[in-house]
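Residues 1 to 431 (UniProt numbering) are what the sequence shown spells out, left to right.
Glycine included, every Cβ here is placed at the ideal spot set by N, Cα and C.
Quick caveat: nothing in here was measured; it's all calculated off a predicted structure.
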Amino acid sequence: MAESTKNATLQLDGKSFDLPIYSPTVGPDVLDIRKLYADAGVFTYDPGFTSTAACDSTITFIDGDKGELLHRGYPIDQLAEKSHYLEVCYLLLYGELPSASELEDFESRVTNHTMLHEQMQYFFRGFRRDAHPMAIMVGVVGAMSAFYHDSTDITDPWQREVASIRLIAKMPTIAAWAYKYHTGQPFVYPRNDLDYASNFLRMCFSVPAEEYEVNPILARAMDRIFTLHADHEQNASTSTVRLASSSGANPFACIAAGIACLWGPAHGGANQACLEMLREIGSPNRIPEFIERAKDKNDPFRLMGFGHRVYKNFDPRAKVMKQSADEVLDLLGVENNPTLQVAKELEAAALADPYFTEKKLFPNVDFYSGIILEAMGFPTSMFTPIFALSRTVGWVSQWKEMIGDPQNKIGRPRQLYLGETLRDYVDIEKR
Ligand code: SDX
């Protein structure tokens with residue numbers, strides 16, 4: 001916890017209340033209001049937490065005005081270019097880039113936990129074939145609590161470590177099996193001789209009837225997509241994981257809660273919604289119609305993949321994703337992909353429109369990711385499961401940080417009550 005270096009003073013009903021101010025290593029100062037209700041008898045009011053720091057953290061920093069994203073101080077564009085997902089996982093989990101031997105040990109531990117308990121496949125078979133893969137992931141990840149009892153005691157650091165590795169290692173298998181179940185194809189088991197991204201692609205796209213060769217360019221693009229989605233400060237799903245964990249719930253239940261939250265179209269579900277929107281627009285000449293709809297307050301339509309609670313500049317991940325989209329589509333020989341064409345022209349039209357520039361609405365991580373994933377062969381229903389797979393390390397890292405925080409206590413917000421005051425029950429005969 002940072003030390004208070006100065007105070008703010010709140011004047012209320014003729015009384016003064018000192019609010020300690022803490023300064024971060026970088027970013028805005030915070031006002032400590034923890035004693036406000038006890039001292040002044042008032043709550044603060046912040047629906048959507050637009051101005052609320054809910055915790056300390058040393059994992060990820062976002063500067064929304066600069067469009068900067070740092071993981072343990074390292075900028076996302078450097079990590080996306082020079083690192084790879086499991087190394088970023090190590091960085092997020094343990095705070096430093098690993099040595100060669102540390103990385104080899106970590107990758108070996110993850111690789112050797114990629115299989116699921118054989119009994120878990122019957123969970124998948126309980127779903128309808130047309131179940132959304134996210135519904136399957138929420139169910140199966142929650143069910144891990146019923147299979148891995150030796151890593152559910154959150155007071156045991158070793159069990160926390162095992163649960164962390166299990167979640168990171170098994171999420172690709174769960175996501176791939178959700179896809180295979182959806183297609184009616186047999187499950188494909190992970191292979192220990194493949195890297196993380198190649199393993200996932202093979203579990204998704206190989207079939208017993210023929211050999212499957214992983215395309216190294218697609219594996220690299222897949223790994224980069226995992227890295228770009230790994231963590232993102234206190235976003236809605238991470239905050240869900242933290243709140244669920246604050247009650248002492250086991251890690252698998254908490255991560256399942258995070259997956260459920262991520263599914264929403266305002267959050268991780270935006271990549272699927274964005275590609276469906278680009279398809280609905282269909283051609284550049286329909287872009288003005290959709291821009292007008294997005295600006296119309298009476299129309300609930302929003303440009304999916306645009307805008308962000310924190311970024312009031314370009315999402316740095318969107319920049320990397322846009323470069324990747326060009327590279328991957330060229331390499332796949334998918335020139336002039338109509339959806340990518342619409343996306344680029346939609347971006348240009350929106351960023352030339354004062355409505356978007358004045359409200360600082362820029363493309364976010366979800367705007368280009370779906371185009372790459374579709375070109376790689378994934379159906380739109382798999383876009384958010386891939387986001388969930390990638391974000392598992394972020395959820396787990398933030399969960400571990402919170403459990404280890406001596407200030408950790410159950411999260412229990414209050415409210416501004418606008419309902420009825422006390423009144424007596426009325427018998428039905430008198431209503
Ligand atoms: C992710 O938090 C994270 O870090 C999330 C994430 C992560 O990595 O975890 O980055 C991943 O969720 C990215 C965001 C994906 N969602 C979308 O692309 C859905 C479309 N975007 C919007 O729903 C919206 O921009 C949000 C939800 C992302 C942010 O909403 P805010 O911060 O609550 O902003 P707001 O709704 O108050 O909007 C401010 C204004 C409003 O207009 P006014 O009421 O001020 O007149 O901007 C408008 C909004 O109507 N607006 C949009 C818009 N987004 C906001 N108008 C048209 N199209 C949009 N996309």
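Check, Outcome
"C-alpha gap between G268 and M277, whole angstroms", "15 Å"
"For H71: DSSP bridge partner residues", "T60, Y74"
"Continuous beta strand (DSSP E) stretch holding Q11: start and end", "4-12"
"Spatially closest choice to G14 from L303, I21, A40, by CA coordinates", "A40"
"Buried or exposed (CB count within 10 angstroms, at least 16 for buried), K82", "exposed"
"Strand pairing of D366, partner residues [DSSP]", "Beta-bridge pairing links D366 to no other residue."
"Identified DSSP bridge partners for I21", "K6, L31"
"Within 7 Å, strictly: CB atoms of R109 and I154", "no"
"Residues that S16 bridges to, as DSSP identifies them", "Q11"
"Helix, strand or coil at F306 [DSSP, three-state]", "strand"
"Buried or exposed by the 16-neighbour rule on C-beta atoms within 10 Å, applied to A8", "exposed"
"Distance cut-off 6 Å: L303 Cβ against heavy atoms of ligand 1", "yes"
"Length of the line joining the Cα atoms of N248 and W399", "Sequence check: residue 248 is Gly here, not Asn. Going by the C-alpha atoms only, they are around 11 Å apart."
"Range of the contiguous alpha helix (DSSP H) that encloses P172", "157-183"
"Beta-carbon proximity of P288 to E345, cut-off 7 Å", "no"
"Pairwise C-alpha distance: I136 and A343", "30 Å"
"Test item: CB-CB of T273 and M321 under 7 Å", "Note that residue 273 is Ala in the sequence shown, not Thr. For A273 and M321, no; Cβs fall outside 7 Å."
"Residue from R125, V214, K319, A209 with nearest C-alpha to I174", "R125"
"Distance, E292 Cα to D299 Cα", "9 Å"
"Straight-line Cα distance separating D326 from A80", "16 Å"
"Proximity of V310 and G64 at Cβ, strictly below 7 Å", "yes"
"Span of the alpha helix (DSSP H), counted from its first residue to its last, around E347", "338-351"
"Whole-angstrom distance between M203 and G404, CA atom to CA atom", "35 Å"
"Cβ contact check for the segment 83-99 and the segment 222-239: 3 or more pairs under 8 Å", "yes"
"Validate contact between the segment 242-259 and the segment 139-153 using beta carbons, cut 8 Å, 3 pairs", "yes"
"Bounding residues of the alpha helix (DSSP H) (the contiguous stretch that carries W399)", "383-403"
"Closer than 6 Å: R309 CB and nearest ligand 1 heavy atom", "yes"
"Where A209 falls, given that 16 or more other Cβ within 10 Å makes a residue buried", "exposed"
"Assumed close pair A230, L92 - CB separation to whole angstroms, cut-off 8 Å", "6 Å"
"Neighbour-count burial assignment, Y90, 16 or more Cβ in a 10 Å radius", "buried"
"Among L340, T339, F362, nearest to A350 - alpha-carbon criterion", "F362"
"Closest by C-alpha distance to H232, when choosing among A2, D424, S390, G377", "S390"
"Residue range of the unbroken alpha helix (DSSP H) whose run includes D105", "100-111"
"Beta-carbon separation (whole angstroms), V396 vs I168, contact threshold 8 Å", "7 Å"
"Option nearest residue 433 by Cα separation, candidates T384, T357, D424, T111", "There is no way to answer for residue 433, as the model of the chain reaches only from 1 to 431."
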